[in-house]
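See below for the structure under consideration.
Protein chains: 2
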Amino acid sequence: MSIHSREQVGQLIDGKAIARALTEQIGQEVTSFIGQGNPLPGLAVVLVGNDPASEVYVKNKAIQTHRAGMRSFMHMLPESTTQDELLDLIEQLNANPRIHGILVQLPLPRQIDPVVVTNAIAPHKDVDGLGEVNAGRLALGTEGIVPCTPLGCLMLLKSVHQDLTGKHAVVIGASNLVGKPMAQLLLKENCTVSVGHIHTKDVRGLAREGDLLVVATGKHGLVRGDWIKPGATVIDVGITRVPTPEGRTRLVGDVAFDEAVKVAGHITPVPGGVGPMTIACLLHNTLQAAKVTQKIIRGSDVG
Amino acid sequence: MSIHSREQVGQLIDGKAIARALTEQIGQEVTSFIGQGNPLPGLAVVLVGNDPASEVYVKNKAIQTHRAGMRSFMHMLPESTTQDELLDLIEQLNANPRIHGILVQLPLPRQIDPVVVTNAIAPHKDVDGLGEVNAGRLALGTEGIVPCTPLGCLMLLKSVHQDLTGKHAVVIGASNLVGKPMAQLLLKENCTVSVGHIHTKDVRGLAREGDLLVVATGKHGLVRGDWIKPGATVIDVGITRVPTPEGRTRLVGDVAFDEAVKVAGHITPVPGGVGPMTIACLLHNTLQAAKVTQKIIRGSDVG
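As given, the protein sequences belong to chains A and B, one line each in that order.
Each residue of the first sequence is one higher than the one before, counting from 1 in this note's numbering.
Each residue of the second sequence is one higher than the one before, counting from 304 in this note's numbering.
If you want it as structure tokens, here you go:
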């Protein structure tokens, strides 16, 4: 025994390893799916314009899809694409039996309404889960496609806790992409759920109530050590590139990691936490979509 | 000044009066809507089976619709109706231009899946707002039809507070009918939102955090005086008939009113609180649906 008390250190949740295991499992399921006489699951990724960050994301998605044994279709459209042109493409992809998942990379150029485009994707091919039908299915607790990032966060939480029932989950950030679907998912897991955001008066006090704390605000370093309930499980969705004193840059999350790790029971690092899960969940959703589509083709009423 | 401190009494939120004012306003809007050359808004109410309580509800809805100057269509089907027969009727009602709102009274007989039936109603005619498309629109914060009871609760809250931004709203009960859509609505109003339910460990402690407290559990008398933050606004959605010591019956809510009224700033009575608002909101939704349908007919892309 040491005389000096050792600093408490939360355990890292290794998103990279968990995502790798999930991706491997998906690869095996794809093999078995094809072995049963089903077609290769196919994901169509649509990029409009030349945003460099989006180009990187889209390329990574295509590579990962291919590595998981699925077929990847890329559609790179010029910045000047009209909404009607994009809707025409989506209609073709909806009708194409080789394509089971459709993803339109956001953001879109100004002349295109992302809500209209997202809702034009057939619900059973909406592998981002961002359309109104899938949002409704999540809200009502029926079967649907769950947005990738909150789904990944849930998997990370479940890597720590087998059963989330009765835990107080606090979600900071109320976006359609993460915070709101995350809250729905956690309700479905029988958590008590609180959602805080920019208008919350005592967000620190709220955060401190969380046995589970999911942070998705885009404000790097927002959540300090004293925002965290001792022993809580902390999922940091934020990822921002910031300059270092040495004149370089590094990626940081919404949680002040060095402080938080001393208080939390389990915590995701940034990078290497939620990030790798998002793309693994996209593959997961694509395979699920392929399974549902095959059921529809066989005459089931799912869809 | 009295020597004895007067017992603190929360102000009553008079749902009956607010519903009456809303119904009158809807009546005027209907008149003006027709005056602009639009057809009479029409609500089709479908009842399957002979549940006496449902018969009373359905009759009341028809009478109120008629009183608000709208057209009411009743479809009473036998208990033995098959799901396909009901879906056929809904298809006809979806296609009928004289019908702007469709309501299928729940519960349905066992042979019929309420989820399939609810989702078969065209989203722009789903005046109960219970289908997946409207649930998704509510979740995403886009325009849609909001379920009547939570919409009524929101109107009652807004009769007390013009702006709900930053208030901590606690919802007890997480049903698809009330608790979950209520939470979404309150998030849209920029409230910090917490949802508690049967699995919540310290529901009393959670309830006490609420500047706004909405209770919809169906457990009469659950919420005691010491569950309420002093000065909070309390909305009691519950309504249960219980026997009195005199051998009669009376209606009570989920909140122990006599205790709560001493702590709350504002509180709804039961009956005469949320109940009258639900039916007024159905009329509101029917008129809104008629307005949207007319826009669709005129070639707008709403719907």
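Just so it is clear, CB atoms sit at the ideal spot from N, CA and C, and this is done for glycine as well.
Partners in chain A for residue i, counting only beta-carbon separations shorter than 9 Å
i	result
Gly440(B)	Checking the sequence shown, residue 440(B) turns out to be Arg, not Gly. Going along chain A in sequence order, the residues near Arg440(B) (Cβ under 9 Å) are Glu132, Ala135, Gly136.
Lys483(B)	Ala139, Leu140, Gly141, Gln184, Leu187
Thr607(B)	One cannot answer for residue 607(B) here, as it falls past the ends of chain B, which runs 304 to 606.
Outcome for residue i when other beta-carbon atoms lying within 10 angstroms are tallied against a minimum of 16
i	result
Val242(A)	exposed
Gln111(A)	exposed
Leu343(B)	exposed
Gln11(A)	exposed
Pro381(B)	exposed
Val436(B)	buried
Val506(B)	buried
Pro453(B)	buried
Gln294(A)	buried
Ile296(A)	exposed
Lys362(B)	exposed
Ile316(B)	buried
Gly247(A)	exposed
His569(B)	buried
Arg137(A)	buried
Pro97(A)	exposed
Thr23(A)	buried
Val56(A)	exposed
Ala17(A)	exposed
Ile501(B)	exposed
Asn353(B)	exposed
Thr547(B)	exposed
Val48(A)	buried
Terminal residues of the alpha helix (DSSP H) in which residue i lies
i	result
Met277(A)	274–297
Thr149(A)	148–160
Ser357(B)	355–370
Arg204(A)	203–207
Ala322(B)	318–338
Pro114(A)	114–120
Ile90(A)	83–95
Val436(B)	435–443
Endpoints, the beta strand (DSSP E) within which residue i is located
i	result
Pro107(A)	Neither: Pro107(A) is in no beta strand (DSSP E) and is coded neither H nor E.
Arg374(B)	374–380
Arg250(A)	249–252
Arg544(B)	543–546
Leu350(B)	345–351
Leu187(A)	Premise fails: Leu187(A) lies in the alpha helix (DSSP H), 179–188, not in any beta strand (DSSP E).
Thr260(A)	Position check: residue 260(A) holds Ala in this sequence, whereas Thr was assumed. No beta strand (DSSP E) contains Ala260(A), which is instead part of the alpha helix (DSSP H) from 257–260.
Ala477(B)	Unbroken run through Ala477(B): none, as it is neither H nor E.
Gly499(B)	495–499
Val517(B)	515–518
Gly468(B)	In the sequence on display, residue 468(B) carries Thr and not Gly. Taken as a continuous stretch (DSSP letters only), Thr468(B) belongs to no beta strand (DSSP E), as it is neither H nor E.
Heavy atom of the ligand NAD within 7 Å of residue i beta-carbon
i	result
Lys16(A)	Summarising the ligand content, the structure contains no ligands, and the ligand NAD is consequently not present.
Where residue i meets chain B, residues with beta-carbon distance less than 7 Å
i	result
Ala232(A)	Under the 7 Å cutoff, chain B gives no residues; its nearest Cβ is about 15 Å from Ala232(A).
Residue i: contacting residues in chain B (beta-carbon distance under 8 Å)
i	result
Ala174(A)	Leu490
Can you find at least 3 beta carbon pairs, one from the segment 488–502 of chain B and one from the segment 467–474 of chain B, that sit closer than 8 Å? Verdict: yes, contact present.
Along the segment 189–208 of chain A, what residues have a CB closer than 7 Å to any CB found in chain B? Under the 7 Å Cβ criterion, the segment 189–208 of chain A contributes Asn190, Thr192, Val193, Ser194, Val195, Gly196, His199, Thr200, Lys201, Leu206.
Would you call the segment 147–161 of chain A and the segment 235–249 of chain A touching, i.e. three or more CB-CB distances under 8 Å? Yes, the segment 147–161 of chain A touches the segment 235–249 of chain A.
With contact counted as at least three CB pairs below 8 Å, one residue from each stretch, are the segment 247–259 of chain A and the segment 217–224 of chain A in contact? yes
For the segment 92–101 of chain A against the segment 275–295 of chain A, do three or more pairs of beta-carbon atoms, one drawn from each stretch, fall closer than 8 Å, so that the two count as touching? yes
In chain order, what residues of the segment 104–129 of chain A put their CB closer than 7 Å to some CB of chain B? Val115
By the 7 Å beta-carbon criterion, what residues does the segment 77–99 of chain A contribute toward chain B? none
Selection of the segment 268–285 of chain A by Cβ proximity to chain B, strictly under 8 Å: none
Using 8 Å as the Cβ pair cut-off and three pairs as the minimum, do the segment 67–81 of chain A and the segment 324–340 of chain B touch? no
Does the count of Cβ pairs from the segment 389–399 of chain B and the segment 574–583 of chain B closer than 8 Å reach three? no
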